[in-house]
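**Q** If you read the protein sequences in the order shown, they are chains Y and R. Residues are numbered in my numbering as their position in the first sequence, beginning at 1, plus a constant of 524. Residues are numbered in my numbering as their position in the second sequence, beginning at 1, plus a constant of 17. Backbone N, C-alpha and C define an ideal beta-carbon position, used for all residues, glycine too. Given the structure is predicted, the values throughout are model-derived calculations rather than measurements.
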Amino acid sequence: MKDLIKQGSRLGLIFGVVIIFLILFGLTTTLSDIIGEFVNIESRTRTGNTGGLMIIFVILGMWAGSRSTASDRSNWKASLVSGLSTSVVIALLVSALILLVGYLDSLDVSMRDYLAQLDHLSVQFLLFGRDLLGGVLWTFGIFVVSGVIGAMVSYWYEIKNVADAIQKRTIIWKGNALDSKLVKQFKEHPRSKWIGYGLLGLVVFLMPQFLGKYWNYAMGTVGIYVLMGLGLNIVVGLAGLLDLGYVAFFAIGAYTAGLLTSPAPITLQIGFWPVLILSIVFAAFAGILLGIPVLRMRGDYLAIVTLGFGEIIRVLIRSDMMAPYLGGPQGVRDIAGPSLFGLSLMSEKSYLYLIILGILLTILFTNYLQNSRVGRAWMAMREDETVAQAMGINTLYYKLMAFATGAAFAGLGGALFAARNQYTGPADHTLMVSINVLSLLIVGGMGSIPGVIIGAFVLKGLPEILRELDLYRLLVFGGLLVFMMIIRPEGIWPAPRRMMELHEDEGGGIPQEESLVGEEG
Amino acid sequence: MSDPKKKKTSSRINAFKVTQVIISILFLTFLAWRLYTVISSGVYGPDTWVRFAISGLIIGSVYAVIAIGYTLVYGILFMINFAHGEIMMLGAFSGYFVFEALKSIPVSSTGMSFLDSYQIISVILAFITGMFISAVSGYFLERIAYRPLRGAPRLIPLISAIGASIFLQNAAQVMFGPKRRTYYNPMSLARSQGWRIPIGGEEVILTYTGVLTFVLSILLLIGLYTLVMRTRYGRSMRAVAEDKQTAALMGINVDQIISNTFLISGALGGAAGVMWGIHNGIIYHYVGFIPGLKAFTAAVLGGIGNIPGAMVGGLLLGVVESVGPAALGLDFQLKDVIAFSILVLILIFRPSGIVGEVLSEEKV
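Structural data, given as structure tokens:
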């Protein structure tokens, strides 16, 4: 009994703290608006939808309650005790916060200066539009009742069994669907693969025609990130070299395109197409130049040095010293766009086509490299450098090659980016770009081309759809990275080989203390 | 291996070493020439140099305190705690809130606020709160983001750390708002006041906040060094850093030691954050990132995993960063370039740092 209460209140503490932070981040307001709109509740205060807020609190309370009974669902008394202790702790914590906030608000203390999300209106919203005591008691009641209900529901239905049953059924269903004759026939037919590719190609080809200007622009951004992701995929995913300064090559590509085509700091004004080639070449060259001294380092040192290199490039392009050559903080304006046979290709649609063409070429190139001697050498290096060297692989040469190829793709992306915006400046080349590209690789699945595309859509495309959550984009994104590393380090669509590597210890029966020791190899 | 092949390998290594030496000599000559031209041109008087050196030592001491946090964690887990700069930022915010709260409490006997009437107590309170909040955040950071990943390939905890860093930065931005805040110091710690020292006909101000920062940093560093090197607890920490498995067999609770390491490094980061706020005056959600990176540079500079190395590296980096741009006749905007160039150069030419890494070969 005592144990149950102790366990329950510990869980309640965790949930309570999480909910308090949700309130302090202001996420409750945004989420309750979305939920309220979704289920069509019309009870708004001036900041948000109180019906939505109630739904959030009830869901969280029920979730906590059902989780609290996980250890013992054998009798209803135990379930009730643990559910009650959890929900009371949560209710105490949250209503204490709301009481404090409401009290301070009634004293006319301006909390906004310190906690940006808590102005007078949102405090009223948290109190469900009632007076102080009523709002606090209301919150307390919601959490206690929903927590107990959650615990009871989980006891009655034994949620674990339900989940197991659902899983079993999906597996059976999946198996049936895959076993059916038609699917089998289709799968085994040699031309079916090409039909699939053809359909995909048709969709991609027609997509820009039907999207509006805004979405073409947004998709173009996603496309540029796909390009960079494919490049970094070679460096990190295939060759296993963690590069945190990838934005440097992007910047070199963008600035090459900018400086050579715009009239501003340097008057050269070469046309777009030769400059596109030049920016790829320059970026690849920069990759080799950086690679020569740096590549003899071990993993995490390499990460920090490349990060430092990226920062050096950013500070340099922003500095006043280089301003006469690089445009300084104002950046480079009036960058020329492409034209073909006298036809200007400056619309969002044609840029999107251009980017798609670039992606197709890089995919073909990556695919070719991946399945060749070079790709096998990279993967061997990633697995074990010493062994790779012993097998006669010139590791320095292949590392440089990976760096140069990755840099070339980033250069292409940078040139397209600069031409499309007709402007490039230091603000486009912050560390966040490197981290975004790395994250899309990780979320999508390292070393796999479809993974890169999915990752780019998730990280760059989803925020365009979820405009309301713009403020929380990076917050969620940081949390997602941590979560992903813990739950599914291989990404959404992993390369099969990498998945095997990350899960090799799961079937192998490696002794327990191994996990305590950590990696020392 | 046959003889001619052996000969070829050794000659190649020699060629590489010779090039390295030649390049470094050329580089040093260039530096010396540049230094000579700037000093002989007499743009800066002696007072300016002293001013640079003082500000460099102060900033360097803060870097050293942060760098210890990196070094402690790296020494035990062999991972870069990328979110350490954000832990420092949380400490800076906690100190700010303490000062703001104390400012609003009036004391009737003196007719001033609590902050100005009991200045020493206020500063101590700010430091204690900052260190406590940062230590707790460090502890939970390890529990949530790092502990489940122990034993995973090296890249994975690093990425998790990057994620935690982004999360904490943006959590602070969303929670506290994006605006820059000015630390409201107690009266006698006003940022413009200090001892005036005449040097070469000019007056150099040695600010009180700077002296506080420097002295406190040195005290913290000495305290930590004694803790790690002289106490029984420190011995168990070193044992875990040396070999976790054997340490566990000797009856040391490895998980406990790792948790406590994060507590200690978090507390140091928090103290550094409060010092940063008191001395530099402006804090915002991004304030921890660049100092964190610099402090990591300092840790590498001194030899990562090595506590005296981190101190030396921090002070050296601070001085070089503040004297360097002037000495080389460059823009002051470029001080970050100098800091990161040092990092790159050190890693290329002497990866084990100035003082030397405390890592055995197989861990590398």
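Under 8 Å, Cβ to Cβ, is there at least one residue of chain R near Glu909(Y)?
**A** no
**Q** How about Pro732(Y): is its C-beta nearer than 8 Å to some C-beta of chain R?
**A** no
**Q** According to DSSP, is Val372(R) helix, strand or coil?
**A** coil
**Q** How would you call Ile302(R), buried or exposed, if buried means at least 16 neighbouring beta carbons within 10 angstroms?
**A** What sits at residue 302(R) in the sequence shown is His, not Ile. Its Cβ being crowded by 16 or more others within 10 Å, His302(R) is buried.
**Q** For Gly855(Y), go through chain R and note every residue whose CB falls closer than 9 Å to its CB, in chain order.
**A** Within chain R, no residue comes near Gly855(Y); the closest Cβ sits about 16 Å away, beyond 9 Å.
**Q** Does the beta-carbon of Asn895(Y) have 16 or more other beta-carbons within 10 angstroms, so that it is buried, or is it exposed?
**A** Counting every other CB atom within 10 Å of its CB across the protein chains shown gives Asn895(Y) a total below 16, marking it as exposed.
**Q** Going along chain R in order, which residues have a C-beta closer than 8 Å to the C-beta of Met905(Y)?
**A** Those within 8 Å of Met905(Y) in chain R number zero; the least Cβ separation is about 14 Å.
**Q** Could you give the residue range of the alpha helix (DSSP H) that holds Glu219(R)?
**A** Taken as a continuous stretch (DSSP letters only), Glu219(R) belongs to no alpha helix (DSSP H), being part of the beta strand (DSSP E) at 219-224.
**Q** Where are the beta strand (DSSP E) runs, 3 residues long or more, that stay fully inside the segment 63-134 of chain R, in chain order?
**A** none
**Q** Inspect the CB distances between the segment 600-614 of chain Y and the segment 666-683 of chain Y and report whether three or more fall short of 8 Å.
**A** Flag = yes, the segment 600-614 of chain Y and the segment 666-683 of chain Y touch.
**Q** Report yes or no: do the segment 1000-1013 of chain Y and the segment 164-171 of chain R share at least 3 C-beta pairs separated by less than 8 Å?
**A** yes
**Q** Counting only Cβ pairs nearer than 8 Å, list the residues of chain R close to Tyr825(Y).
**A** Val317, Leu364, Pro368
**Q** Could you tell me which chain R residues have their CB closer than 9 Å to the CB of Ala640(Y), listed as they occur along the chain?
**A** Gln190, Val191, Met192, Phe193, Gly194, Pro195, Lys196
**Q** Cα separation between Leu347(R) and Arg51(R)?
**A** 10 Å
**Q** Would you kindly check if the distance between the Cβ of Ala588(Y) and the Cβ of Thr610(Y) is under 8 Å?
**A** yes
**Q** Would Ala763(Y) pass as a contact of Ala928(Y) if the rule is Cβ separation under 8 Å?
**A** no
**Q** Check the Cβ of Ala181(R) against every Cβ in chain Y and list those closer than 7 Å, keeping chain order.
**A** The contacting residues are Gly1002, Val1006.
**Q** With 8 Å as the threshold, decide whether the Cβ of Ala162(R) is near any Cβ in chain Y.
**A** yes
**Q** What are the boundary residues of the alpha helix (DSSP H) that includes Trp797(Y)?
**A** From DSSP, the alpha helix (DSSP H) with Trp797(Y) extends over 796-818.
**Q** Counting C-beta neighbours from all protein chains within 10 Å, is the total for Leu639(Y) 16 or more, i.e. buried, or is it exposed?
**A** Flag for Leu639(Y) reads buried.
**Q** Cβ of Ser177(R) less than 8 Å from any chain Y Cβ?
**A** yes
**Q** Taking 8 Å as the threshold (C-beta atoms), are Arg198(R) and Ile359(R) in contact?
**A** no
**Q** For Gly59(R), name the three-state secondary structure that DSSP assigns.
**A** Three-state DSSP puts Gly59(R) in coil, outside helix and strand.
**Q** Kindly list, in the order they appear in chain Y, the residues whose Cβ is closer than 9 Å to that of Asn277(R).
**A** Residues of chain Y passing the Cβ test: none, with the nearest at roughly 16 Å.
**Q** Hey, could you find the ends of the alpha helix (DSSP H) Gly969(Y) is sitting in?
**A** Note, Gly969(Y): premise wrong, no alpha helix (DSSP H); not H, not E.
**Q** With a Cβ-Cβ cutoff of 8 Å, do Leu223(R) and Ile214(R) count as a contact?
**A** Judged by their CB atoms, Leu223(R) and Ile214(R) are nearer to each other than the 8 Å cut-off.
**Q** With 8 Å as the C-beta to C-beta threshold (strictly closer), list the residues of the segment 825-843 of chain Y near chain R in chain order.
**A** Flagged, chain order: Tyr825, Ala827, Ile828, Val829, Leu831, Gly832, Phe833, Glu835, Ile836, Val839, Leu840, Arg842, Ser843.
**Q** Going by other Cβ atoms of all chains shown within 10 Å of its Cβ, with 16 needed for buried, is Trp293(R) buried or exposed?
**A** buried
**Q** Anyone know if the C-beta pair for Gly882(Y) and Leu940(Y) falls short of 8 Å?
**A** yes
**Q** For a cutoff of 8 Å on Cβ pairs, would you count Gly351(R) as touching chain Y?
**A** The question names Gly, yet the displayed sequence has Leu at residue 351(R). Answer yes: the Cβ-Cβ gap between Leu351(R) and chain Y drops below 8 Å somewhere.
**Q** What do you reckon, are the CB atoms on Lys257(R) and Ile274(R) nearer than 8 Å?
**A** This sequence places Val at residue 257(R); Lys is not what is there. Yes, the Cβ-Cβ distance between Val257(R) and Ile274(R) is below 8 Å.
**Q** Less than 8 Å between the beta carbons of Leu555(Y) and Ile580(Y), yes or no?
**A** yes
**Q** Output, in chain order, the set of chain R residues within a Cβ distance shorter than 8 Å of Gly968(Y).
**A** Neighbours of Gly968(Y) on chain R: none; closest Cβ ~13 Å, over 8 Å.
**Q** Quick check on Gly653(Y): does DSSP put it in helix, strand or coil?
**A** coil
**Q** Per the contact definition of three or more C-beta pairs closer than 8 Å, is the segment 948-962 of chain Y in contact with the segment 787-798 of chain Y?
**A** no
**Q** So for Thr780(Y), helix, strand or coil by DSSP?
**A** helix
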